[in-house]
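Following: one structure in structure tokens, then a few remarks.
Residue numbers (our numbering), protein chains in the order written: chain P, 1 to 192; chain F, 1 to 218.
Following this line, the structure appears as structure tokens:
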């Protein structure tokens, strides 16, 4: 139990996917223009990422390992992720209009979010068990959402500051992300 | 070959990393030294050139409706080959950058060029465009890698033997100072990239003040 808690905290804060491992930066820089979109993207990504990582784990250990075809993992995981995205977006479309309006346009973008593929690859390369994969992916997705939301709120404020022209837009966003990453480094040592 | 601006425009004006902010994850993650940057640049070049050429060759055979899945599968195949090649011939480097080589497949710069260019143009021009894109990405990676390595370690080309084999062990250039060890760590990647981007904006002020290019959030 303690191991699982450490795994969760580790993925959530210490080795934060965006700020320490550089995964999922495209949505981080692209979508976090505001708090609401950041939250919606985070929620949608959490859902897809967890589901995809679990299915990828099952397929990897159930099919690829017995057949000694581990090198096909990249192709297979991409197919799994695209399939999960399709499935989730169809399901949401059919069950909840509100949710579909909120998340609909962000779902297709998740297919090319490298954090999703990254979690699946990391979980299999570290030989995590199914339960560990589940905890690890929830931690990773939670950390992604947390940072997206914090950064979204921060960028709303940044837009109204008097920033020198060459720094406007992407440069100041990158530097702010650097300072946030510095703050997250302070958590090193909290969990393995 | 007819002189063609395809290469230059793909490498400089539409530089995938600096002008369009595509492929930021590998750019920031792997640019902590010149050698790592070169390794990833080579792997990315292999994937983007190989897949875009193949997509261009097959552009009449791929049904329009299923084109994106086909492109993704072709890119994933080349990524797998790049991963296997690196694992076989440069294992020291592979251990450091393996995850980001495998993640080339989700680099939207490659899918973007396939969709916008290779699927509509003849093979020769697609090859040039892909080579330009790869060169632009390599330029951005190596610039950032060099600045970070000099700031953090005061060296260039450290650990060259991981990429170029044992005879390259003496290639390291030592400048004899260490300014900012932070540059090699995660926060340093963001800050140095932000400063370089701002510097680029300052130098290229000739064009009208554009804010962030509206990149797709993919």
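Quick reminder that beta carbons are idealized off the backbone N, C-alpha and C, glycines included. Quantities reported herein were computed from a predicted structural model and do not represent experimental measurements.
Nearest to residue i (by Cα), restricted to the options the options
i: residue 75 of chain F; options: F:93, F:115, F:95; result: F:115
i: residue 102 of chain P; options: P:58, P:37, P:10, P:123; result: P:37
i: residue 174 of chain P; options: P:189, P:160, P:187, P:152; result: P:152
i: residue 14 of chain F; options: F:57, F:180, F:121, F:109; result: F:109
i: residue 200 of chain F; options: P:189, P:170, P:76; result: P:170
i: residue 123 of chain F; options: F:27, F:188, F:60; result: F:60
i: residue 54 of chain P; options: P:143, P:135, P:16, P:166; result: P:135
i: residue 47 of chain P; options: P:89, P:114, P:98; result: P:89
i: residue 126 of chain P; options: F:105, F:98, F:56; result: F:98
i: residue 81 of chain P; options: P:119, P:62, P:66; result: P:119
i: residue 29 of chain F; options: F:197, F:195, F:190; result: F:190
i: residue 259 of chain F; options: F:134, F:138, F:72; result: Chain F is shown only over 1 to 218; residue 259 of chain F falls outside these bounds and no answer can be derived.
i: residue 5 of chain P; options: P:132, P:99, P:113; result: P:132
i: residue 178 of chain P; options: F:176, F:182, F:177; result: F:182
i: residue 114 of chain P; options: F:141, F:6, F:5, F:22; result: F:22
i: residue 219 of chain F; options: F:177, F:148, F:140, F:154; result: Because residue 219 of chain F is not part of the residues shown, which for chain F are 1 to 218, the question remains open.
i: residue 189 of chain P; options: P:15, P:3, P:116; result: P:15
i: residue 46 of chain F; options: F:104, F:165, F:204, F:36; result: F:104
i: residue 156 of chain F; options: F:96, F:65, F:36; result: F:36
i: residue 67 of chain F; options: F:24, F:128, F:48, F:120; result: F:120
i: residue 165 of chain P; options: F:171, F:178, F:198; result: F:198
i: residue 168 of chain P; options: F:170, F:118, F:202; result: F:202
i: residue 148 of chain F; options: F:178, F:10, F:56, F:135; result: F:178
i: residue 180 of chain F; options: F:152, F:57, F:204, F:193; result: F:152
DSSP three-state assignment for residue i, whether helix, strand or coil
i: residue 173 of chain F; result: strand
i: residue 155 of chain F; result: strand
i: residue 115 of chain F; result: helix
i: residue 26 of chain F; result: helix
i: residue 69 of chain P; result: coil
i: residue 22 of chain P; result: coil
i: residue 217 of chain F; result: Note that residue 217 of chain F scores a pLDDT of 38, beneath 50, so its modelled location is shaky and nothing firm can be said.
i: residue 192 of chain F; result: helix
i: residue 2 of chain F; result: Here the model assigns residue 2 of chain F a pLDDT of 42, short of 50, so the residue's position is not dependable, and the following value carries that caveat. Residue state, collapsed to three classes: coil.
i: residue 184 of chain P; result: helix
i: residue 73 of chain F; result: helix
i: residue 223 of chain P; result: With chain P covering 1 to 192 only, the question about residue 223 of chain P has no answer from this structure.
i: residue 135 of chain F; result: helix
i: residue 201 of chain F; result: helix
i: residue 16 of chain P; result: coil
i: residue 90 of chain F; result: coil
i: residue 89 of chain P; result: helix
i: residue 179 of chain F; result: coil
i: residue 67 of chain F; result: helix
i: residue 160 of chain F; result: coil
Chain-ordered chain F contacts of residue i [CB-CB under 7 Å]
i: residue 71 of chain P; result: 80, 84
i: residue 154 of chain P; result: Here the premise fails: no neighbours, minimum Cβ distance about 13 Å.
i: residue 78 of chain P; result: 72, 76, 105
i: residue 144 of chain P; result: The premise fails here: residue 144 of chain P is roughly 12 Å from chain F at the closest Cβ pair, so nothing lies under 7 Å.
i: residue 102 of chain P; result: The premise fails here: residue 102 of chain P is roughly 15 Å from chain F at the closest Cβ pair, so nothing lies under 7 Å.
i: residue 89 of chain P; result: Those do not exist, as residue 89 of chain P stays about 15 Å from chain F at its closest Cβ, beyond 7 Å.
i: residue 29 of chain P; result: 21, 24
Within chain F, partners of residue i - CB distance below 8 Å
i: residue 185 of chain P; result: 185, 186, 187
i: residue 74 of chain P; result: 76, 79, 80, 83, 102, 105
Under 9 Å by beta carbon: chain P residues contacting residue i
i: residue 155 of chain F; result: Per Cβ cutoff of 9 Å: no residues; residue 155 of chain F is ~22 Å from chain P at best.
i: residue 194 of chain F; result: 167, 170, 171, 172, 173, 174, 175, 176, 177, 178
i: residue 93 of chain F; result: The contacting residues do not exist; residue 93 of chain F stays about 16 Å from chain P at best.
i: residue 111 of chain F; result: 112
i: residue 180 of chain F; result: Ordered by position in chain P, no residue passes the 9 Å Cβ test against residue 180 of chain F, which lies about 12 Å from the chain.
i: residue 99 of chain F; result: 21, 23, 118, 121, 122, 125
Exposed unless 16 or more other CB atoms sit within 10 angstroms - verdict on residue i
i: residue 180 of chain P; result: buried
i: residue 71 of chain P; result: exposed
i: residue 86 of chain P; result: exposed
i: residue 94 of chain F; result: buried
i: residue 145 of chain F; result: buried
i: residue 33 of chain F; result: buried
i: residue 42 of chain P; result: buried
i: residue 173 of chain F; result: exposed
i: residue 10 of chain P; result: buried
i: residue 6 of chain F; result: buried
i: residue 172 of chain P; result: buried
Contacts that residue i makes with chain P (C-beta to C-beta distance below 7 Å)
i: residue 202 of chain F; result: 166
Partner residues on chain P for residue i, Cβ-Cβ distance less than 8 Å
i: residue 197 of chain F; result: 170, 171, 174
i: residue 191 of chain F; result: 174, 175, 178, 179
Residue i: contacting residues in chain F (beta-carbon distance under 9 Å)
i: residue 19 of chain P; result: 186, 187, 190
Between the stretch 167 to 181 of chain P and chain F, which residues of the former have CB atoms less than 9 Å from a CB of the latter, in chain order? 167, 168, 169, 170, 171, 172, 173, 174, 175, 176, 177, 178, 179, 180, 181
Pull out every residue of the stretch 17 to 43 of chain F whose Cβ sits closer than 7 Å to any Cβ of chain P, in chain order. 21, 24, 25, 28, 29
Taking only beta carbons into account, state which residues of the stretch 116 to 129 of chain P come closer than 9 Å to chain F, listed in chain order. 116, 117, 118, 121, 122, 125
In chain order, what residues of the stretch 138 to 152 of chain F put their CB closer than 7 Å to some CB of chain P? none
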